[in-house]
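K.L.:
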Amino acid sequence: MRLTAHAKKEIAKWMLVRGHSFLKSAILLKKSGGSFDVVLYNICQGIEVTLKAFLLFKDYDHYYPLLPKKKHFGHDLEKLANEVISSNSLKPLSAEESHEILTLNKYYTNQFLRYSGIHDIFYPSHNVEFGAIVKRLIVAIRYAEKNLT
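In the numbering used here, the protein residues as written are 11 to 159.
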């Protein structure tokens, strides 16, 4: 089935809403004392879905087939962030943002946040930072809600 330009924009908008919802759920979970690994997982899921939404807004036909494929983007937060930045000619990530996205990506792509295991002993997530990258993402979401939806 062929999608209209309006339908493509709506799908991108729904992705943006879902990504933002994952971020909000992480904040609520953190405030209520939930598992920090689950907070981080929701942050990562929110980052992934939001970045994919930005790519769909940019060029739905080009990016939609690439989003689920591991060899292209899969769940790789770093690749997604770099593509969003380059495709939109945005300011590069700061050193702090880069460090956070790299660290989150290691935990996220290796499923360390989703499943318990020996990594919880040797690589506990309790020191993982995410404030800088989430602040930048929230600013981008607000911009998108005003200008793209």
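The C-beta atom is built at its ideal place from N, Cα and C for all residues, glycine as well.
Quick caveat: nothing in here was measured; it's all calculated off a predicted structure.
Please report the residue range of the alpha helix (DSSP H) in which Met25 lies.
P.N.:
15-41 is the extent of the alpha helix (DSSP H) around Met25.
K.L.:
By how many angstroms is the C-alpha of Pro75 removed from the C-alpha of Thr159?
P.N.:
Thr159 and Pro75: Cα-Cα distance of roughly 21 Å.
K.L.:
Measure the C-alpha to C-alpha separation of Lys116 and Thr14 and round it to an integer number of angstroms.
P.N.:
Whole-angstrom Cα-Cα distance: 37 Å.
K.L.:
Looking at C-alpha atoms only, which residue of Leu147, Lys156, Met25 is the closest neighbour of Ile53?
P.N.:
The option with the nearest alpha carbon to Ile53 is Leu147.
K.L.:
Hey, could you find the ends of the alpha helix (DSSP H) Ile151 is sitting in?
P.N.:
Run containing Ile151: 141-157, per the alpha helix (DSSP H) assignment.
K.L.:
Hey, would you say Leu6 sits closer than 7 Å to Ala154, going by beta carbons?
P.N.:
Because the chain in this structure spans residues 11 to 159, residue 6 falls outside the shown range and cannot be described.
K.L.:
If you draw a straight line from the C-alpha of Leu112 to the C-alpha of Glu88, how long is it?
P.N.:
In a straight line, the C-alpha of Leu112 is about 6 Å away from that of Glu88.
K.L.:
Would you kindly report the start and end of the unbroken alpha helix (DSSP H) that includes Val59?
P.N.:
Element bounds for Val59: 46-73.
K.L.:
Given a cut-off of 7 Å, decide if Ile143 and Glu93 are closer than it, judged by their beta-carbon atoms.
P.N.:
No, the Cβ-Cβ distance between Glu93 and Ile143 is not below 7 Å.
K.L.:
Below 6 Å CB to CB, which residues in the same chain sit around Lys23 once its five sequence neighbours on both sides are set aside?
P.N.:
Excluding residues within five positions, the ones whose Cβ falls inside 6 Å are Thr159.
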